[in-house]
Structure formats: structure tokens, C-alpha cells
Amino acid sequence: MPVHRQTRRIAAVTSHMWPSGGRHLWPSGETSAVQSHARGHLVYAASGVLAVHTERGTSIVPANRVAWTPAGFTHYHHAHGDTDMRIVFLAPSLARLVPDRPAVFLASDLAREVLLALTGPRNYDDDAPGYSRSARSRLLRVLVDELREAYEQPLHLPEPQDDRLQAIARMLQEKPADNASLAQLGKTIGASTRTLSRLLRDELGMTFYEWRTQLRIYHALVLLADGHDTTQTAYACGWANPSSFIAAFTSIIGTTPGRYRTSRQTTARASQRPTVVKSSA
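Numbering-wise (the numbering used here), the sequence shown opens with residue -1 and increments by one.
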């Protein structure tokens, strides 16, 4: 059952940056430059799905996750679906309270609201009342405290180095609903099941089933973020029925597809709250 992507809403990159953070509105498929920063930073996708690539690998950041990249780590970001990316830089005094390595945290409702507040129009719109330094400091401390209490829940998407695994990855990404076995895929590229299983174990540390499930969940996150329902997404990503998709999605993401989709819609509405204009009185 094919699922077509909805019409793109963001036509070009729009950025707002300030000393303590920023906001990037990215069209689907946009990729940032490879970079590193003198301060560590948190990123959150208020809409869309964000991939964070560092020297430690690639992490997928859906609506209920916040990604942390420490100072000095080379990284780049990739948007899947039209993406509203929020960035918060942490001073060293706060950065030392979180891990000294890239990490992905489960985002509480409070953490999401604080992130949206710290990166909303009050930070870059001249007509909106800005936060005082003390108010911002309090919000940042609340955010860091929330993350310190949160569980690390990475959704890691391994990237194979071997050209045979790369070829299979391309096939699975282009047709996530294809249920071809590893033997059938191997025949297409001229590699045996035994060789491919060994490469998967040595390079990615997982079985073919585990790898394909991760790729399908990743594709499902993009479709759900685009507004597709659970049933459409289940069949488009290769599950035989919605119930088996819900079970796999919940075991990896920590919430059902329906709740994830609802939380995306709620967050998107919150991120588009109208700007409060200063009174001229």
C-alpha cells in the first residue's frame, strides 16, 4: 500500500540565531554543513524528524526526544519531513551536569515546553517581549534538571561501511515495505547470506531482522510526522497488520504510533502560537 508524502510546506531554509540558541525551518531533505561548536547544544524537532550525525554515529530525534551534542564534537543535521529545529546552547556550568558524550534523552512535557519557550518568537521578534537574563537562566536550569532526571533513549540508525550492506540499505530505504529475505537481497547484489550475516554482526552488531526493523521504524517516524495514520504507515513500512506495527513501534519509541502522532500535532500547534505584541501604552 503506497503512501505518498504530503505537499512540502517549507520552501527554503529560514534561520533565526542568537547567542543562546536558534531556530531553523528546513524543507525535507535539507542537510547542514559539518560543524562543531565551542559550547554544547541541545536540539529538538518541533515538527519533522531530525537525524543528528556525530563521530559516534547517527541518532534519530523524533518528537519525544532531545539530542545533546557536547562542545567540540563534529556533527551535522539532516531533516526528514519539513522540520522546525530548535537549538539551545548550554554554558559550561550547565553542560557539566549532562553527559560528556552525544546523548539522546526522553523529553518530558515540561522539557518540551521550556525548549519551545527558549527558542520561540520572544527571542528573535522585535515586537515580542523578550526574556530577562534571570528568567532565561531559570528556564535553562529547569531544562537541564529535567534532562538529568530523564532516561537516555537513543534511536540509533547504524550506517554500514561495507559496499554490499550499503547497497542493501539503499534497497530497504527505497522500498521499506519489501519483505525480501536476506538471501533474496544477497542474490541481487551477489553476496551470500552467511557473508551478509557476518558483516551485519561485525559492523552493526545486530541481525538482519533488527536492522530492517530500525530502518522501518525510522521511515514510520517520517510518515507519522507528515500526518499519515497508523494503518497507512504500518502497511507502507512492511508490517502485515497494524497491531504488529504498534507493538514494534512502542517497544522502540516508548509510545504508540497514535500517541506519537497526537503529540506531534500538539507540539506543532504550540510552536506556532501567535506572537504577543508589546503594548504601545
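All residues carry an ideal CB built from backbone N, CA and C; glycine is no exception.
> Pick from His226, Pro240, Ser241 and Arg21: whose alpha carbon is nearest that of Thr117?
Replying inline: Nearest in C-alpha terms to Thr117, of all of His226, Pro240, Ser241 and Arg21, is Arg21.
>> Between the alpha carbons of Arg3 and Ala232, how many angstroms are there, rounded?
In response: Low per-residue confidence applies at Arg3: pLDDT is 40, beneath 50, and the placement is therefore not dependable, though the value from the model is reported in the following sentence. Roughly 15 Å between the two C-alpha positions.
> Apart from the five residues just before and just after Gly70, which ones in its own chain have a Cβ nearer than 7 Å to its Cβ?
Replying inline: Closer than 7 Å at Cβ, skipping near neighbours: Ser34.
> Taking the DSSP output, what are the residues bridged to Arg63?
Replying inline: DSSP, once it has assigned bridges, lists Leu104 as partnering Arg63.
> When burial is assigned at 16 or more other CB atoms within 10 Å of the CB, is Ala61 buried or exposed?
Replying inline: Buried, by the Cβ-count rule.
> Using the beta-carbon count (16 or more within 10 Å), is Met15 buried or exposed?
Replying inline: Flag for Met15 reads exposed.
> Buried or exposed: where does Val274 fall if 16 or more other Cβ atoms within 10 Å of its Cβ makes it buried?
Replying inline: Confidence in Val274 is poor, its pLDDT being 37 and thus under 50, which makes the residue's placement unreliable; the coordinate value appears in the next sentence. Around the CB of Val274, fewer than 16 other CB atoms lie within 10 Å, so the residue is classed as exposed.
> Does DSSP put His2 in a helix, a strand or coil?
Replying inline: Per-residue confidence for His2 stands at a pLDDT of 42, beneath the threshold of 50, marking its modelled position as unreliable; no derived number is given.
> So what does Gly55 bridge to, in DSSP terms?
Replying inline: Paired residue(s): Thr52.
> Since Gln33 sits in a beta bridge, which residues does DSSP pair it with?
Replying inline: Answer is His73.
> Between the stretch 41 to 56 and the stretch 90 to 97, do at least 3 Cβ pairs fall closer than 8 Å?
Replying inline: A contact is defined here as three or more CB-CB pairs under 8 Å, and the stretch 41 to 56 fails this definition with respect to the stretch 90 to 97.
>> Here's the rule: buried if 16 or more other CB atoms are within 10 angstroms of the residue's CB, otherwise exposed. What is Pro17?
In response: Under this definition Pro17 is an exposed residue.
> What is the DSSP secondary structure of Thr117, reduced to helix, strand or coil?
Replying inline: Thr117 falls in the coil class under three-state DSSP.
> If you drop the 5 nearest sequence neighbours on each side, which residues of the same chain put their C-beta closer than 6 Å to that of Arg54?
Replying inline: Setting aside the 5 residues that flank it on each side, Arg54 is surrounded in the same chain by Pro100, each with a C-beta closer than 6 Å to its C-beta; the list follows chain order.
> In three-state terms, what does DSSP make of Asp224?
Replying inline: Taken through DSSP and simplified to helix, strand or coil, Asp224 comes out as coil.
> What residues match up with Thr81 in a beta bridge as DSSP calls it?
Replying inline: In DSSP, Thr81 forms a bridge with Trp24.
> Who are the Cβ neighbours of Glu201 in its own chain at under 7 Å, not counting the five residues just before and after it?
Replying inline: Contacts found: Pro158, Gln159, Asp160 and Leu163.
> Which term fits Pro68, buried or exposed, when burial requires 16 or more other beta carbons within 10 angstroms of its beta carbon?
Replying inline: Pro68 comes out buried.
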